[in-house]
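Start counting the sequence shown at 257; every next residue gets the next number (this note's numbering).
Working notes, structure below.
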Amino acid sequence: MTPSPAPLTAAERRDLQALLVERQRHLRGEIKAHLRGTGDSGVVGLSSVPAETDDWGVGDELAARDIAEAKQLLSELADVEAALARSAAGTYGECVDCGEPIAPARLRAYPAATRCIACQGALEKREAGPPLTAV
Ligand SMILES: [Zn+2]
Numbered sequence: 257m258t259p260s261p262a263p264l265t266a267a268e269r270r271d272l273q274a275l276l277v278e279r280q281r282h283l284r285g286e287i288k289a290h291l292r293g294t295g296d297s298g299v300v301g302l303s304s305v306p307a308e309t310d311d312w313g314v315g316d317e318l319a320a321r322d323i324a325e326a327k328q329l330l331s332e333l334a335d336v337e338a339a340l341a342r343s344a345a346g347t348y349g350e351c352v353d354c355g356e357p358i359a360p361a362r363l364r365a366y367p368a369a370t371r372c373i374a375c376q377g378a379l380e381k382r383e384a385g386p387p388l389t390a391v
């Protein structure tokens, strides 16, 4: 029995869309940097990129970490682009699974959210693997 949250105002939608566009640009830059390898972080120009990796010493470990990061960035980019597409279609803020409005507080915290909390939780449970059912 949750009271339905107040819908997003037009101004909030605009703000969230601006955040998404900015996030998309940022993610694309980071992914490009990952694809290029870690050798030329100067191209990226982000202060958040860790300093060069000479003192890691373990190339394989670094590569695995890099791939994992790139995967995460790609999946976030997919969410951001899905959110932008729905923003263009006028369905931004609706859960892609159940069609219910996503809580505005959730969108403010994570503008790329494509699912309500309940569906996101269910999805993460599915992705964690099939439930171990006792037969
Ligand atoms: Zn949902």
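Cβ coordinates follow ideal geometry from the N, Cα and C atoms, glycine included.
A quick note: this is a predicted structure, and the numbers were derived from the prediction, not measured.
- Of 284, 353 and 364, the smallest CA-CA separation from residue 263 is found for 364.
- Closer than 7 Å to some heavy atom of ligand 1: that describes the Cβ of residue 353.
- At least one heavy atom of ligand 1 lies less than 7 Å from the C-beta of residue 356.
- Ligand 1 approaches residue 371 closely enough that one of its heavy atoms is under 7 Å from the residue's Cβ.
- Counting along the chain, the unbroken alpha helix (DSSP H) around residue 360 starts and ends at 360-365.
- Taking 7 Å as the cut-off, one finds at least one heavy atom of ligand 1 near enough to the beta carbon of residue 374.
- Here the C-alpha atom of residue 368 lies approximately 17 Å from the C-alpha atom of residue 326.
- Excluding five sequence positions before and after residue 275, the CB atoms of its chain that fall closer than 7 Å to its own CB belong to 367, given in chain order.
- Residue environment: residue 383 is assigned as exposed (fewer than 16 neighbouring CB atoms within 10 Å of its CB, all protein chains considered).
- Distances from the alpha-carbon of residue 358 to those of 341, 345, 376 and 344 put 376 closest.
- With contacts defined by Cβ atoms closer than 8 Å, residue 329 and residue 373 do not form a contacting pair.
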